[in-house]
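S.K.: In this note's numbering, the protein residues as written are 119 to 421.
I have a structure I would like to understand better, so I am pasting it below and will then ask my questions one at a time.
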């Protein structure tokens, strides 16, 4: 299958590239920048990736990048802090960029788009009814509505991913990156404070990539959504788990809870997606620490 992956330099994008290339797909990557150090760090076989350096806001560039593809995995976007500081540009990237992807798919006769929405479509008060309190969440909710319109108007099937806190080796950006950064700090022997508190769903990056890979094999009749919550834990419980596996870790937490309800339930409108397994927190932390240790050991040997 020939696939376009947008936002290829991002955290989820990088792990998605690796999995899809290893599975034998022909992958074209679209990103503003050249391949990042993260891709090399996690072992993406870049020699097998066709790299397209372009802006998802450039409609014609997206059309060109989508040529001859069978499906699109759209992960390009900017996060909550950027959207708070520059909401108009945030809308250009997150909403208009998504419309560009669907329009390009329509122009090429592609009937499968998997795209990154967010648990941010839910506000802090509701776990079932989307009511975002951030520009980021509002833009993502609008993307979901547009995906439904593309299904009804053009027959483009889609799956919108609504992950909560995605963690794993290599995540560095966004307030919710704190769990990943805490694992890295624990391995390196540095103190670190996770910059949010409260309860949140913890989703290992492998689970997100598994959903993407599985959805590429499914008939997507309709505009489907997947709430990827993982396991819900208090941040202090996550820190305790890191300390259990890395006893010398010097970790803490501070700051307000994330601006979305911790009571969102794991699930999906497509039954095959809803049935996929969830990585337990202890296992996800163990995998993350293992990779971080390997990176730290390799880095130390080079200095």
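From the three backbone atoms N, C-alpha and C, an ideal C-beta is built for every residue, glycine too.
Since residue 168 sits in a beta bridge, which residues does DSSP pair it with?
M.R.: In DSSP, residue 168 forms a bridge with 146.
S.K.: First and last residue of the alpha helix (DSSP H) that includes residue 300?
M.R.: Residues 296–306.
S.K.: Return the chain-ordered list of same chain residues with a C-beta closer than 8 Å to the C-beta of residue 273, the five sequence neighbours on each side being excluded.
M.R.: Excluding residues within five positions, the ones whose Cβ falls inside 8 Å are 229.
S.K.: Secondary structure at residue 280, three-state DSSP: helix, strand or coil?
M.R.: If DSSP states are grouped into helix, strand and coil, residue 280 belongs with the strands.
S.K.: Return helix, strand or coil for residue 317, following the three-state DSSP convention.
M.R.: DSSP places residue 317 in strand when its eight states are reduced to three.
S.K.: Contact check, residue 127 vs residue 156 under 8 Å by CB: the rounded distance?
M.R.: Correct: roughly 7 Å between the Cβ atoms.
S.K.: Assuming residue 276 contacts residue 332 under a Cβ cut-off of 8 Å, what Cβ separation, rounded to an integer in Å, is found between them?
M.R.: The Cβ separation is near 15 Å, so there is no contact.
S.K.: Looking at the structure shown, is residue 349 part of a helix, part of a strand, or coil, going by DSSP?
M.R.: Of the three classes helix, strand and coil, the one that applies to residue 349 here is strand, per DSSP.
S.K.: How do the stretch 366–375 and the stretch 303–310 stand: do at least 3 beta-carbon pairs fall below 8 Å, yes or no?
M.R.: Contact between the stretch 366–375 and the stretch 303–310 is present, because at least three Cβ pairs lie under 8 Å.
S.K.: Buried or exposed: where does residue 206 fall if 16 or more other Cβ atoms within 10 Å of its Cβ makes it buried?
M.R.: The residue is exposed, with fewer than 16 neighbouring Cβ atoms inside 10 Å.
S.K.: Alpha carbon to alpha carbon, how far is residue 270 from residue 263? Give it in angstroms, no decimals.
M.R.: Spanning the two alpha carbons is a distance of roughly 11 Å.
S.K.: Between which two residues does the alpha helix (DSSP H) holding residue 336 run?
M.R.: Looking at the DSSP string, residue 336 is not in any alpha helix (DSSP H), and its letter there is neither H nor E.
S.K.: What beta strand (DSSP E) runs, 3 residues minimum, are completely inside the stretch 213–238?
M.R.: Whole beta strand (DSSP E) segments, 3+ residues: 230–234.
S.K.: Three-state secondary structure (DSSP) at residue 157?
M.R.: In this structure, residue 157 counts as helix in the three-state DSSP scheme.
S.K.: Which same chain residues, not among the five before or five after residue 144, have their C-beta less than 6 Å away from its C-beta?
M.R.: Counting only Cβ-Cβ distances below 6 Å, and skipping sequence neighbours, we find 120.
S.K.: Check each candidate in 130, 188 and 308 and name the one with the smallest Cα separation from residue 364.
M.R.: Measuring from the Cα of residue 364, the nearest candidate turns out to be 308.
S.K.: Report the residue from 372, 334 and 412 whose alpha carbon sits nearest the alpha carbon of residue 390.
M.R.: Comparing Cα positions, the closest option is 334.
S.K.: If I'm right that residue 173 touches residue 179 with Cβ under 8 Å, what's the distance once you round it to whole angstroms?
M.R.: Indeed, because the Cβ distance is near 6 Å, the residues count as touching under 8 Å.
S.K.: Let me know the secondary structure DSSP gives residue 344 once reduced to three states.
M.R.: In this structure, residue 344 counts as strand in the three-state DSSP scheme.
S.K.: Using alpha carbons as the reference points, say which of 141, 150, 158 and 261 lies closest to residue 132.
M.R.: Ranking the options by Cα distance to residue 132, first place goes to 158.
S.K.: Flag this pair as touching only if the stretch 388–408 and the stretch 309–317 have three or more C-beta atom pairs under 8 Å; answer yes or no.
M.R.: These segments do not touch.
S.K.: Once you ignore the five residues that flank residue 358 on each side, which residues in its own chain have a CB closer than 8 Å to its CB?
M.R.: There are no such residues.
S.K.: Check whether the Cβ atoms of residue 202 and residue 253 lie closer than 8 Å to each other.
M.R.: Yes, they are a contact pair.
S.K.: Under DSSP, the alpha helix (DSSP H) around residue 244 begins and ends at which residues?
M.R.: No alpha helix (DSSP H) contains residue 244, which DSSP labels as neither H nor E.
S.K.: With DSSP as the reference, label residue 414 as helix, strand or coil.
M.R.: Residue 414: helix per DSSP, three-state reduction.
S.K.: Could you check which residue in 297, 289 and 215 has the C-alpha nearest to that of residue 265?
M.R.: Closest by alpha carbon: 215.
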